[in-house]
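Using the working numbering, read the sequence shown as starting at 1 and increasing by one per residue. Yeah, the Cβ is synthetic: ideal placement off N, Cα and C, and Gly gets one too. Keep in mind that this is a model prediction, so the values were computed, not measured. First the structure, in the form of structure tokens, and then the observations on it.
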Amino acid sequence: MPTSPAASRGYLHTIDLCVLRFCRETQALEILLNRREAEPFAGHWALPGIVVNGDVEDLTLNDAVERLRNSSKVGMPLAWIEQVGTVGDAFRDPRCWSSSTFYLAILSDTVQLAEHQGFFPLKDVADASIKLPFDHNSLVAAVQERLLSKALYSSLPLMFLGPEFSAPEAVDIFSVVLGRPVLKTSMRQRLLKMTEAGYLQETGRKKAGEGGRPQRTVENLKPASVYLFDRCFLE
Numbered sequence: 001m002p003t004s005p006a007a008s009r010g011y012l013h014t015i016d017l018c019v020l021r022f023c024r025e026t027q028a029l030e031i032l033l034n035r036r037e038a039e040p041f042a043g044h045w046a047l048p049g050i051v052v053n054g055d056v057e058d059l060t061l062n063d064a065v066e067r068l069r070n071s072s073k074v075g076m077p078l079a080w081i082e083q084v085g086t087v088g089d090a091f092r093d094p095r096c097w098s099s100s101t102f103y104l105a106i107l108s109d110t111v112q113l114a115e116h117q118g119f120f121p122l123k124d125v126a127d128a129s130i131k132l133p134f135d136h137n138s139l140v141a142a143v144q145e146r147l148l149s150k151a152l153y154s155s156l157p158l159m160f161l162g163p164e165f166s167a168p169e170a171v172d173i174f175s176v177v178l179g180r181p182v183l184k185t186s187m188r189q190r191l192l193k194m195t196e197a198g199y200l201q202e203t204g205r206k207k208a209g210e211g212g213r214p215q216r217t218v219e220n221l222k223p224a225s226v227y228l229f230d231r232c233f234l235e
């Protein structure tokens, strides 16, 4: 294995955040990227990230995550966030030996982006059609795989829809995340189970749906929790 000249210069640990949203116009998932200001890779689009315990003291990883979450690199309300993994070696960062703890985050609100921020198709970033610096493409691919696997047995995709949504919207988001059509009857059965378990309740309101027909909506009573289904979506 080749020796990295940067390997003996120090060590960096970073937090990298994969913030995903559902774009209703394109019916596709998108990921937030930042245009880097500093070297290495200044001017390139990359995941929003920070160095742990760098210029600001972080007593825990959660402290660093919150600092990144509230920084100008993200600065938006997140409906969900979970740690996906940690990677590290002497070659992923030209500065030195480095590691990264990276996270899946979900945005449900409409937000105003800064000039250095942009949303890009998740699929194109995960398969490296849009190339990112460091090993960020592989981090995004791992996050995409985590989202897919959790969508098979949990309500996680509903986080993209916000606190109130209709059954057809639930069908749409699961179909997008799973990459295949989801049966309406299957989705309604799962929403009913969530309602019986106290996770959802009917609002008594309706919103425009397919063909302009009003659709009844449900409200998420436990927005910080994910419901686990007793059967996989593909069974």
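Quick one: using the 10 Å Cβ neighbour count with 16 as the cut-off for buried, is residue i buried or exposed?
| i | result |
| --- | --- |
| residue 14 | buried |
| residue 77 | exposed |
| residue 139 | buried |
| residue 49 | buried |
| residue 40 | exposed |
| residue 126 | buried |
| residue 302 | This structure leaves residue 302 out entirely; the chain is present only between 1 and 235. |
| residue 220 | buried |
| residue 2 | Because the pLDDT of residue 2 is 43, which lies under 50, any placement of that residue in the model is unreliable, and the number read from its coordinates should be weighed accordingly. Exposed, since its Cβ has fewer than 16 Cβ neighbours within 10 Å. |
| residue 156 | buried |
| residue 113 | exposed |
In chain order, what residues of the same chain lie with their CB nearer than 6 angstroms to the CB of residue i, ignoring the 5 residues before and after it?
| i | result |
| --- | --- |
| residue 128 | 137 |
| residue 124 | 130 |
| residue 194 | 200 and 227 |
| residue 135 | 92 |
Would residue i pass as an interface residue toward chain B - the criterion being a Cβ-Cβ separation below 8 angstroms?
| i | result |
| --- | --- |
| residue 138 | The structure shown contains no chain B; it holds only a single protein chain. |
What do you reckon, is the C-beta of residue i under 7 angstroms from a heavy atom of the ligand PLP?
| i | result |
| --- | --- |
| residue 145 | Absence of the ligand PLP is noted for the structure shown, with no ligands found whatsoever. |
Ignore the nearest five residues each way along the sequence and tell me which others in residue i's own chain have a CB closer than 8 angstroms to its CB.
| i | result |
| --- | --- |
| residue 182 | 171, 174, 175 and 233 |
| residue 58 | 52, 64 and 67 |
| residue 132 | 33, 44, 45, 46, 47, 125 and 140 |
| residue 229 | 153, 154, 155, 190 and 193 |
Spatial neighbours of residue i within its chain, please: CB distance less than 7 angstroms, with the 5 preceding and 5 following residues excluded, ordered by chain position.
| i | result |
| --- | --- |
| residue 206 | 214, 215, 216 and 217 |
| residue 159 | 79, 80, 106 and 108 |
| residue 84 | 102, 103, 104, 142, 143 and 146 |
| residue 8 | For residue 8, the pLDDT reaches just 44, beneath the cut-off of 50, and the residue's location in the model is therefore unreliable, leaving the point undetermined. |
| residue 209 | 166, 168 and 215 |
Considering only DSSP beta bridges, list what residue i is partnered with.
| i | result |
| --- | --- |
| residue 32 | 119 |
| residue 165 | 218 |
| residue 87 | 100 |
| residue 105 | 19 and 81 |
| residue 154 | 228 |
Check the C-beta distance from residue i over to residue j and give it rounded, since I have them as a contact under 8 angstroms.
| i | j | result |
| --- | --- | --- |
| residue 88 | residue 99 | 3 angstroms |
| residue 74 | residue 17 | 6 angstroms |
| residue 178 | residue 148 | 7 angstroms |
Fully enclosed by the region 203 to 232, which alpha helix (DSSP H) runs are 4 residues long or longer? none
What runs of the alpha helix (DSSP H), each 4 residues or longer, lie entirely inside the region 170 to 202? 184 to 196
Counting only runs of 3+ residues fully inside the region 10 to 66, write out the beta strand (DSSP E) ranges in chain order. 11 to 23, 28 to 35 and 49 to 51
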